[in-house]
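**Student:**
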Amino acid sequence: MADVLVLNGPNLARLGSREPDVYGAADHDALVAAVAGWGRTYRLSVEVRQSDDESELIGWLHEAVDTGCDVVLNPAAFTHYSYALRDAARLVTAAGRTLVEVHLSNPAAREEFRHTSVIAGVATGTVAGFGFDSYRLALDAIAGRRGE
Ligand code: DQA
23 MADVLVLNGP NLARLGSREP DVYGAADHDA LVAAVAGWGR TYRLSVEVRQ
73 SDDESELIGW LHEAVDTGCD VVLNPAAFTH YSYALRDAAR LVTAAGRTLV
123 EVHLSNPAAR EEFRHTSVIA GVATGTVAGF GFDSYRLALD AIAGRRGE
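In short: position in the sequence shown from 1, add 22, done, that's this note's numbering.
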């Protein structure tokens, strides 16, 4: 069983070819490899999943509640409007688990519609704007909280 589920939302499987000026030239497999390496550094068992499907992401958040995992969540565009994902994310933090919202880019510095996150208010915290390193910073925060 994983200590941490890293969940990536819609269009993140297209990393590498999708707006590389915004999201970088490295692809999703490279992100998975980087996260696996950081998992070893922080001695966390980490599993990375990606889905374009809101209901699948919600199911994975329910799984985190049921199995007691912490979560790193990049909700992608669902960040800005999915109350269903928000409610599922709240279940994770209400269960006493850590949920870190992450973004590769800094949505606050982009188009107006990206300035709203409906997830942020139920997340433990948010890391945005550091590319792949946003995930490392999220894992660092989780490792620190688990070690407390
Ligand atoms: C994103 C930012 C979102 O606004 C966007 O819809 C994404 C990626 C990011 O990681 O920077 O798909 O979550």
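C-beta atoms are modelled at their ideal positions from N, C-alpha and C, and glycine is treated no differently.
Tell me whether the beta-carbon of A86 lies closer than 8 Å to the beta-carbon of L34.
**Tutor:** Here residue 86 is taken as the residue at index 64 of the sequence shown, counted from 1. Here residue 34 is taken as the residue at index 12 of the sequence shown, counted from 1. Contact flag unset, no.
**Student:** Pop quiz: R100 and E76 are said to be a contact at Cβ under 8 Å. What is the actual Cβ separation, rounded to whole angstroms?
**Tutor:** Your numbering for residue 100 matches position 78 in the sequence shown. Your numbering for residue 76 matches position 54 in the sequence shown. It should be noted that the sequence gives Phe, not Arg, for residue 100. Yes, they are in contact, since the Cβ atoms of F100 and E76 sit about 6 Å apart, within 8 Å.
**Student:** Considering Cα atoms alone, identify which of T63, R112 and V114 is closest to G161.
**Tutor:** Residue numbering aside, residue 161 sits at position 139 when the sequence shown is read from its first letter. It should be pointed out that residue 161 corresponds to Leu in this sequence rather than to Gly. The residue with the shortest Cα to Cα distance from L161 is T63.
**Student:** With a cut-off of 8 Å, does the C-beta of G59 fall near any C-beta of chain B?
**Tutor:** The structure shown has no chain B; it contains just one protein chain.
**Student:** In terms of DSSP beta bridges, what is L29 paired with?
**Tutor:** Here residue 29 refers to the residue found at position 7 when the sequence shown is read from its first residue. R71 and L95.
**Student:** What span of residues does the beta strand (DSSP E) with L126 cover, start to end?
**Tutor:** Counting from one through the sequence shown, the residue named residue 126 turns up at place 104. No beta strand (DSSP E) holds L126; DSSP gives it neither H nor E.
**Student:** Closest to A111 by CA distance: which of E133, G81, T138 and S73 is it?
**Tutor:** Start at 1 with the first residue of the sequence shown, and residue 111 comes out as number 89. Checking every option, the nearest Cα to that of A111 belongs to G81.
**Student:** Taking 7 Å as the line, does the beta carbon of H125 fall inside it for any heavy atom of the ligand DQA?
**Tutor:** Locating residue 125 in the sequence shown gives position 103, where the first residue counts as 1. True, at least one ligand heavy atom lies under 7 Å from that Cβ.
**Student:** Give me the Cβ distance between Q72 and H50, rounded to the nearest whole Å; I'm assuming they're in contact under 8 Å.
**Tutor:** Against the sequence shown, residue 72 aligns to sequence position 50. Against the sequence shown, residue 50 aligns to sequence position 28. That pair is a contact at about 6 Å.
**Student:** Can you have a look at H144 and say buried or exposed, based on whether 16 or more other CB atoms are within 10 angstroms of its CB?
**Tutor:** Translated into the one-based positions of the sequence shown, residue 144 becomes position 122. Here residue 144 turns out to be Val, not His, going by the sequence shown. So V144 ends up on the buried side.
**Student:** Mind checking P129: buried by the 16 CB within 10 Å criterion, or exposed?
**Tutor:** Here the question's residue 129 lines up with position 107 in the sequence shown. Buried.
**Student:** Any idea what DSSP makes of D55, helix, strand or coil?
**Tutor:** Here residue 55 corresponds to residue number 33 of the sequence shown, with the count starting at 1. Note on residue identity: the sequence assigns Ala, not Asp, to residue 55. Residue state, collapsed to three classes: helix.
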